[in-house]
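*Asks:* Supplied in structure tokens, the structure appears directly below.
Residue numbers (my numbering), protein chains in the order written: chain H, 206 to 462; chain V, 206 to 462.
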């Protein structure tokens with residue numbers, strides 16, 4: 206997105222991925238792309254992602270920084286029953302409110318256990334949310350996430366995170382969804398660069414990205430056009446395809462969403 | 206890592222992933238985990254990752270924020286020949302130096318082309334680095350990355366990024382490498398949580414993480430212990446295995462590195 210194109214109403218979001226296991230390389234994040242596409246479909250643009258450790262001061266200060274800067278903040282990770290699950294208490298601290306036992310959250314979690322003794326102290330921690338927060342449903346394993354202000358707190362396990370996001374996205378108020386088209390060819394980027402830069406200047410309302418790939422020793426490039434107006438995208442994609450043909454390439458067009 | 210354990214000499218790093226294609230969900234990042242593990246092996250701890258768009262102001266201000274905050278900063282993405290490749294000029298702006306043509310970078314890039322006319326203006330952009338920077342070798346496609354101060358600028362294409370990192374890591378001065386052990390079992394986290402929290406308190410010099418998984422309908426949990434002293438890790442892992450057995454589980458231990 207060029208800065209010039211940012212004048213229309215744009216609704217922005219930031220994702221905080223909370224967890225040492227991502228920063229150590231042990232676990233590959235699988236939530237970013239799901240959230241990015243889901244937000245895009247409701248007209249919200251993911252503008253920044255931060256991966257931060259399970260360290261209270263870092264979580265509190267980061268949440269306070271990004272909730273002031275973006276329209277929506279989503280967090281993943283750190284809402285389980287173990288000692289390293291500190292997201293809920295950190296969000297409460299960030300908002301300056303106490304962490305309180307939520308009766309409905311307690312009821313949902315209790316329903317997992319036939320024997321009431323199994324609802325131990327650790328599991329009851331998951332029924333505590335910041336005062337004033339509302340629950341986010343967890344159809345997979347019941348222990349809910351929560352929303353407070355513009356911050357949505359979700360689980361880190363992808364299957365649960367995805368179910369939580371699908372259940373909360375009706376709460377979001379987005380702008381115009383971003384549409385995209387993709388034109389691929391096997392010309393090198395260095396041959397396309399000049400014309401591509403000129404095209405970007407003529408279509409300053411679009412965001413044109415060039416993504417090279419090397420597969421089985423073959424150079425390829427995907428040129429992705431993004432914007433909110435389908436006719437503008439179609440016109441730019443047609444110009445781009447014509448340019449590729451002029452340069453001796455074979456454009457392959459896809460409507461990407 | 207508990208804050209109490211941070212008293213020894215710890216060398217920290219931040220990764221900036223620069224690119225709209227990651228934020229749109231089009232491309233799945235594959236560099237974070239590689240960098241995390243590679244840094245860990247040389248005693249540098251990846252403490253934060255940010256994914257930011259191809260937007261000049263954001264890149265400049267983020268680079269300046271994180272290079273003051275962490276010992277090392279690594280960037281991936283945005284150093285190709287097209288209009289959306291703005292990382293080098295943004296790093297130059299962040300350091301307050303001009304972008305200059307580097308003769309050695311030019312020579313390496315020129316070697317890709319039998320016909321000198323193919324070394325066009327777009328490709329020559331890749332031979333420009335901030336004044337005072339040193340080159341990072343690119344054994345895959347030649348166009349180099351660069352280092353300036355504590356900031357290492359690498360390509361986004363994973364095969365190139367990995368080769369660049371492997372070639373530069375001898376420049377890094379790390380602390381003690383972080384060792385880890387993993388103990389897995391099929392008990393639920395809620396059963397383990399109390400004992401695990403007590404173990405973390407007794408081993409405040411270690412970082413103990415609990416990572417649940419749901420595979421083929423089966424609950425599992427990996428308990429990962431991290432620290433710099435192998436005997437402490439071994440002692441904690443043995444206590445953890447004994448605890449799991451007491452709770453009726455079957456611990457599976459792995460030395461994780």
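All C-beta atoms in this analysis are idealised placements derived from N, C-alpha and C, irrespective of residue type, glycine included.
#1: Between which two residues does the beta strand (DSSP E) harbouring residue 421 of chain H extend?
#2: Beta carbons nearer than 7 Å to chain H: which residues of the region 213-226 of chain V have them?
#3: Assign residue 306 of chain H to one of two classes, buried (16 or more other C-beta atoms within 10 Å of its C-beta) or exposed (fewer than that).
#4: Tell me the start and end of each unbroken beta strand (DSSP E) in the region 305-360 of chain V that is at least 3 residues and wholly inside, in chain order.
#5: Taking residue 251 of chain H as the query, report the chain V residues whose CB atoms sit under 7 Å from its CB, ordered along the chain.
#6: So, with DSSP's three-state summary, where would you put residue 384 of chain H?
#7: For residue 271 of chain H, which option in H/217, H/350 and H/361 has the closest C-alpha, if you only look at C-alpha atoms?
#8: Cα separation between residue 484 of chain V and residue 256 of chain H?
#9: So, helix, strand or coil for residue 239 of chain H, using DSSP?
#10: Of the choices V/298, V/242, V/317 and V/279, whose alpha-carbon is the least far from that of residue 360 of chain V?
#11: Compare the C-alpha of residue 345 of chain V against each of V/366, V/458, V/386 and V/354 and name the closest.
#12: What separation, rounded to the nearest whole angstrom, lies between the Cα atoms of residue 458 of chain H and residue 329 of chain H?
#13: Excluding the five sequence neighbours on either side, which residues of its own chain have a C-beta within less than 8 Å of the C-beta of residue 326 of chain H, listed in chain order?
#14: Can you have a look at residue 436 of chain V and say buried or exposed, based on whether 16 or more other CB atoms are within 10 angstroms of its CB?
#15: Closest by CA to residue 277 of chain H, which one among H/391, H/374 and H/398?
#16: Against chain H, does residue 254 of chain V count as a neighbour if the rule is that its beta carbon must be under 7 Å from one of theirs?
#17: Helix or strand or just coil, what does DSSP make of residue 412 of chain V?
#18: With a cut-off of 7 Å, does the C-beta of residue 170 of chain H fall near any C-beta of chain V?
#19: Give, in chain order, every residue of the region 406-419 of chain H whose Cβ lies closer than 9 Å to some Cβ of chain V.
#20: Flag residue 375 of chain V as yes if its beta-carbon sits less than 7 Å from any beta-carbon of chain H, otherwise no.
#21: For residue 259 of chain H, collect the residues of the same chain with a Cβ closer than 7 Å to its Cβ; drop the 5 residues on either side in sequence, then sort them by chain order.
#22: Quick check: the Cα distance between residue 273 of chain V and residue 285 of chain H, rounded to an integer number of angstroms?
#23: Alpha carbon to alpha carbon, what distance is there between residue 390 of chain V and residue 423 of chain V?
#24: Hey, how far is the Cα of residue 409 of chain V from the Cα of residue 340 of chain V?
#25: Which chain H residues are close to residue 257 of chain V, counting only those with a beta carbon under 9 Å from its beta carbon?
#26: Based on DSSP bridge pairs, tell me the residues matched to residue 218 of chain V.
#27: Note down, in chain order, each residue of its chain lying with its Cβ closer than 6 Å to the Cβ of residue 207 of chain H, except the 5 sequence neighbours on either side.
#28: Which same chain residues end up closer than 6 Å to residue 297 of chain H when comparing Cβ atoms and leaving out the 5 residues on each side of it in sequence?
#29: For residue 457 of chain H, which three-state DSSP category applies?
#30: Grab the span of the alpha helix (DSSP H) containing residue 400 of chain H for me, first residue to last.
#31: Taking just the CA atoms, how far does residue 396 of chain V sit from residue 405 of chain H?
#32: Smallest Cα separation from residue 453 of chain H: which of H/416, H/420 and H/392?
#33: Give the straight-line distance between the Cα atoms of residue 293 of chain H and residue 310 of chain H, rounded to the nearest whole angstrom.
#34: Can you list the residues of chain H that residue 245 of chain V reaches, using a CB-CB cut of under 8 Å?
#35: Since residue 286 of chain H meets chain V, which of its residues come closer than 8 Å, beta carbon to beta carbon?
#36: Buried or exposed: where does residue 456 of chain H fall if 16 or more other Cβ atoms within 10 Å of its Cβ makes it buried?
*Replies:* On the basis of the supplied data:
#1: It is not in any beta strand (DSSP E) - residue 421 of chain H carries neither H nor E in the DSSP assignment.
#2: 225 and 226
#3: exposed
#4: 333-335, 339-341, 350-353 and 356-359
#5: 228
#6: strand
#7: H/217
#8: This structure does not reach residue 484 of chain V, given that chain V is present from 206 up to 462, and the question cannot be answered.
#9: helix
#10: V/279
#11: V/366
#12: 53 Å
#13: none
#14: exposed
#15: H/374
#16: yes
#17: strand
#18: As displayed, chain H neither begins before 206 nor continues past 462, which places residue 170 of chain H out of reach and without an answer.
#19: 406, 412, 413, 414, 415, 416, 417, 418 and 419
#20: no
#21: 223, 224, 225, 283, 289 and 291
#22: 33 Å
#23: 11 Å
#24: 41 Å
#25: 252, 253 and 254
#26: V/251 and V/277
#27: Annotation note: pLDDT 45 at residue 207 of chain H (below 50); position unreliable, coordinate value reported separately. Hits under 6 Å: 409.
#28: 304 and 335
#29: strand
#30: 394-407
#31: 57 Å
#32: H/392
#33: 13 Å
#34: 229 and 230
#35: 394, 395 and 398
#36: buried
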